[in-house]
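Student: Can you read through this structure? Questions will come right after.
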Amino acid sequence: MSWLVFRAIAERPRCSAARNRRDGVENRILVLAPFGRDARVITEVLAARRVVAHICESGDALIREMCQDSAATILTEEALTNGIVDALREMLASQPPWSDYPFVVLAARQTLHRTDRARSALQELSNLVLLERPVNPDTLASAAESALRARQRQYLTRKHLAELEASKLSVEQLNDKLETRIAERTADLASANDRLMREILERERVESSRVQNQKMEALGRLTGGIAHDFNNLLHAVNLNLQLIERLTIKDDRVRHYAHRAKEAVDRGSRLTGQLLSFARTQSLVPKLHDVNDLIRNMAELISISVGAHVKLSLSLCPEPAYVVVDAAQMEMAVLNLSVNSRDAMPLGGMLEIHTQMAAAVDPDASPGGAVATAYPLGTVSVAVRDTGEGIPDNLLGKVFDPFFTTKQHAGTGLGLSQVYGFTRQSGGNVEVQSEVGAGTTIKLCFPLAPAPKEAAEATLRGQNAALALQAEILVVEDDPAVRRSMVECLQVLGFHVRQAADGAAGLTELKKARPDLLLVDYLMPRMNGAELIAHAREMYVDLPILMATGYADMNAVERLIGPHSVLAKPFDLDTMGKAVSMELRRRQPPP
Numbered sequence: 001m002s003w004l005v006f007r008a009i010a011e012r013p014r015c016s017a018a019r020n021r022r023d024g025v026e027n028r029i030l031v032l033a034p035f036g037r038d039a040r041v042i043t044e045v046l047a048a049r050r051v052v053a054h055i056c057e058s059g060d061a062l063i064r065e066m067c068q069d070s071a072a073t074i075l076t077e078e079a080l081t082n083g084i085v086d087a088l089r090e091m092l093a094s095q096p097p098w099s100d101y102p103f104v105v106l107a108a109r110q111t112l113h114r115t116d117r118a119r120s121a122l123q124e125l126s127n128l129v130l131l132e133r134p135v136n137p138d139t140l141a142s143a144a145e146s147a148l149r150a151r152q153r154q155y156l157t158r159k160h161l162a163e164l165e166a167s168k169l170s171v172e173q174l175n176d177k178l179e180t181r182i183a184e185r186t187a188d189l190a191s192a193n194d195r196l197m198r199e200i201l202e203r204e205r206v207e208s209s210r211v212q213n214q215k216m217e218a219l220g221r222l223t224g225g226i227a228h229d230f231n232n233l234l235h236a237v238n239l240n241l242q243l244i245e246r247l248t249i250k251d252d253r254v255r256h257y258a259h260r261a262k263e264a265v266d267r268g269s270r271l272t273g274q275l276l277s278f279a280r281t282q283s284l285v286p287k288l289h290d291v292n293d294l295i296r297n298m299a300e301l302i303s304i305s306v307g308a309h310v311k312l313s314l315s316l317c318p319e320p321a322y323v324v325v326d327a328a329q330m331e332m333a334v335l336n337l338s339v340n341s342r343d344a345m346p347l348g349g350m351l352e353i354h355t356q357m358a359a360a361v362d363p364d365a366s367p368g369g370a371v372a373t374a375y376p377l378g379t380v381s382v383a384v385r386d387t388g389e390g391i392p393d394n395l396l397g398k399v400f401d402p403f404f405t406t407k408q409h410a411g412t413g414l415g416l417s418q419v420y421g422f423t424r425q426s427g428g429n430v431e432v433q434s435e436v437g438a439g440t441t442i443k444l445c446f447p448l449a450p451a452p453k454e455a456a457e458a459t460l461r462g463q464n465a466a467l468a469l470q471a472e473i474l475v476v477e478d479d480p481a482v483r484r485s486m487v488e489c490l491q492v493l494g495f496h497v498r499q500a501a502d503g504a505a506g507l508t509e510l511k512k513a514r515p516d517l518l519l520v521d522y523l524m525p526r527m528n529g530a531e532l533i534a535h536a537r538e539m540y541v542d543l544p545i546l547m548a549t550g551y552a553d554m555n556a557v558e559r560l561i562g563p564h565s566v567l568a569k570p571f572d573l574d575t576m577g578k579a580v581s582m583e584l585r586r587r588q589p590p591p
């Protein structure tokens, strides 16, 4: 007779509707009862309660099914053989932290006959419900449902743990994104800070440069004003000395004294010319010049600028070296290079200025034929050499960059860039050679220009004398000494002269009669020279005009009357006569 009582098999199940729906793989109960009809009876009892049960034919089958998920296992005590106990022990040891697999064991009633192996096996099944046979069907079903409920709570724990893990992963991902965003934002802020610092440094540099430019502009205006007044004094002295030289005086000492005084005037004139060049109020028109003469004339200024601890040496080519350059810019370029050489020799040294002429290269005979195309007459080089500290190789390519300087707390970094720009605009090029500890050489190369034709000048002097016999000139000058000297010199040259003390008086003279040429100063009270010229142009469109000035905004003057109509003070008698005659001849209609 079976040990189970079947009286409740046909009764209505007592489990709830939710429990009746537990038919998934994880909610099934495995049954291992290898002897008799026990397994079939157990499944019938569970089926009556809507509990899914699966019969395992052997211990190996039970292990396989447990690996495929199940909610609990019901087995008989005699099924706990050595092999299945070892397999269950290994499986339980490897189950996840949330799992505590439940077992329902149907034990034998006679516990006295239970072996030590069986007792040990029962103790190792930690989540165990032990039912002593014979078992009431309701008791068995209740135990199975309790095991299912315990397993469901474990599933809920697993779900919560999974949710926590997902939340943790989500938080980690959010943290990673947040850290990435923080890193990106930090990088953006660092980049913005770098840009801001660069802008601050650039603004400070621009502001410093602007302040320096304002200082230089103010100094230039002051220098130009002083040079203008000094030029007027030199101009009057120069013209009077020339008049003395033309007088017939028996004592040669007077003529000798006048000549020496005129040499001093010439030196003063060069000094004021350089001051005006510094003030940027001198006309910057390229003209034909002998480079050697330009360097000789400024040798004294260079010597003073570099100081007594630097020895100046001029090594100039013996023949005249003519180039078409602006004299003021050329002098400033050589002076800039000389001052840089001085700064490179704080303990003193040798400064050499060397000029050399080079013939044009035959394009068919040399791979450097491009030189012959660019400079068909050859080149003239001006090299400034020093025995200073030298320039490192990594800086040689930057020395002509604007604002680049190696001087600490000194210099604007514009000197060499101005030299480079002037040379290139004059059709030449710049070369630099340097060795650390051995000195630096900067060479300016210019195209060679044809020499002036003296025959043409002699013809021009003859034409000037012919023009002087019939020309009337109106001189407008506010300085009495300068005006008187100019009038007397023009009269000596053979011109008829009228004069006026200021612009208003000059306008009155213009209304009285039209002169053949108007010679006018620029800076005058009440009406300056530019305003008088404007009135003169309205009255006489083709009137020849010469502007004689020692200080002016030369660009504005030249836009008004042209670059060939400016006579810079102080000028000598021959220069004034040549300029007057050229202006008269240029204004004459062609025959």
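Under full-length UniProt numbering, think of the first position of the sequence shown as 1, with each following residue one higher. Just so it is clear, CB atoms sit at the ideal spot from N, CA and C, and this is done for glycine as well. Here the structure is a predicted model, which means the values were calculated and not measured.
Exposed or buried, what is C67 when buried is set at 16 or more other beta-carbons lying within 10 Å of its beta-carbon?
Tutor: C67 is exposed by the Cβ-count criterion.
Student: Going by Cα to Cα distance, which pick from Q329, E472 and R50 is closest to L584?
Tutor: The shortest C-alpha separation from L584 is found at E472.
Student: Restricting to Cα atoms, I'd like to know which of P376, A358, Q433 and T387 is closest to N394.
Tutor: Checking every option, the nearest Cα to that of N394 belongs to Q433.
Student: Just to confirm my understanding: we take D290, look at its own chain, exclude 5 residues before and 5 after, and list those with CB closer than 7 Å. What are they?
Tutor: Around D290: P320, A321 and Y322.
Student: Could you give the distance in angstroms between the alpha-carbon of I182 and the alpha-carbon of R195?
Tutor: Roughly 19 Å separates the two Cα atoms.
Student: Return helix, strand or coil for H289, following the three-state DSSP convention.
Tutor: H289 falls in the strand class under three-state DSSP.
Student: Would you check if the stretch 478–485 and the stretch 439–452 touch, i.e. whether three or more CB-CB distances between them fall below 8 Å?
Tutor: No, because fewer than three Cβ pairs between the stretch 439–452 and the stretch 478–485 fall closer than 8 Å, the two stretches do not touch.
Student: Quick check: residue 592 and L30, are their CB atoms within less than 8 Å of each other?
Tutor: This structure cannot speak to residue 592, because the chain is shown only from 1 to 591.
Student: Quick one: is A568 buried, meaning 16 or more other Cβ sit within 10 Å of its Cβ, or exposed?
Tutor: Answer is buried; the Cβ neighbour count reaches 16.
Student: Is the beta carbon of D386 closer than 8 Å to that of T440?
Tutor: Yes.
Student: I'd like to know whether the C-beta atoms of G506 and L490 end up nearer to each other than 8 Å.
Tutor: No, the pair does not count as a contact, with Cβ atoms beyond the cut-off.
Student: Reducing DSSP to helix, strand and coil, say where R514 ends up.
Tutor: DSSP places R514 in coil when its eight states are reduced to three.
Student: Output yes or no for whether 8 Å exceeds the beta carbon distance between L517 and P544.
Tutor: It is a contact, given that the beta carbons lie within the stated cut-off.
Student: So, with DSSP's three-state summary, where would you put Y155?
Tutor: Helix.
Student: What are the boundary residues of the beta strand (DSSP E) that includes V384?
Tutor: Note, V384: beta strand (DSSP E), T379 to D386.
Student: Can you tell me where the alpha helix (DSSP H) with I302 in it begins and where it stops?
Tutor: Per DSSP, I302 belongs to the alpha helix (DSSP H) from A299 to V306.
Student: Can the beta-carbon of I55 be found less than 8 Å from the beta-carbon of V104?
Tutor: Contact: no.
Student: If S485 sits next to A236, beta carbons under 8 Å apart, how far is it from one beta carbon to the other, in whole angstroms?
Tutor: Yes, S485 and A236 are in contact; Cβ-Cβ is about 5 Å, under 8 Å.
Student: If you count every other CB in all the chains shown that lies within 10 Å of the CB of F35, and 16 or more means buried, which is it?
Tutor: Exposed: under 16 other Cβ atoms inside 10 Å.
Student: Using the Cβ count rule (16 or more neighbours within 10 Å means buried), how would you classify Q329?
Tutor: Burial call: buried.
Student: Please report the Cβ distance between H354 and S303, rounded to the nearest whole angstrom; I am assuming they are in contact, meaning their Cβ atoms lie under 8 Å.
Tutor: About 16 Å separates the two Cβ atoms, so there is no contact after all.
Student: Helix, strand or coil for D572, going by three-state DSSP, please let me know.
Tutor: The answer is coil: DSSP assigns D572 none of H, G, I, E or B.
Student: Can you have a look at K443 and say buried or exposed, based on whether 16 or more other CB atoms are within 10 angstroms of its CB?
Tutor: Classification for K443: buried.
Student: Q433 by DSSP, collapsed to three states: which one?
Tutor: If DSSP states are grouped into helix, strand and coil, Q433 belongs with the strands.
Student: Please determine if the stretch 377–386 and the stretch 334–345 are in contact, where contact requires at least 3 C-beta pairs separated by less than 8 Å.
Tutor: Output reads yes: the stretch 334–345 touches the stretch 377–386.
Student: Using a Cβ-Cβ cutoff of less than 7 Å, which residues in the same chain neighbour N429 once the five nearest sequence positions on both sides are dropped?
Tutor: Cβ neighbours of N429 beyond the five flanking positions: T423 and C445.
Student: Starting from E472 and walking both ways along the beta strand (DSSP E), at which residues does that stretch end?
Tutor: It spans E472 to V476 - the beta strand (DSSP E) in which E472 sits, taken as one unbroken run.
Student: Along the chain, where does the alpha helix (DSSP H) that runs through I533 open and close?
Tutor: G529 to M539 is the extent of the alpha helix (DSSP H) around I533.
Student: Across which residues does DSSP place V323 in a beta bridge pair?
Tutor: Answer by DSSP bridge pairing, in chain order: H289.
Student: How big is the Cα-Cα spacing for A513 and A536?
Tutor: Taking the straight line joining both Cα atoms gives about 12 Å.
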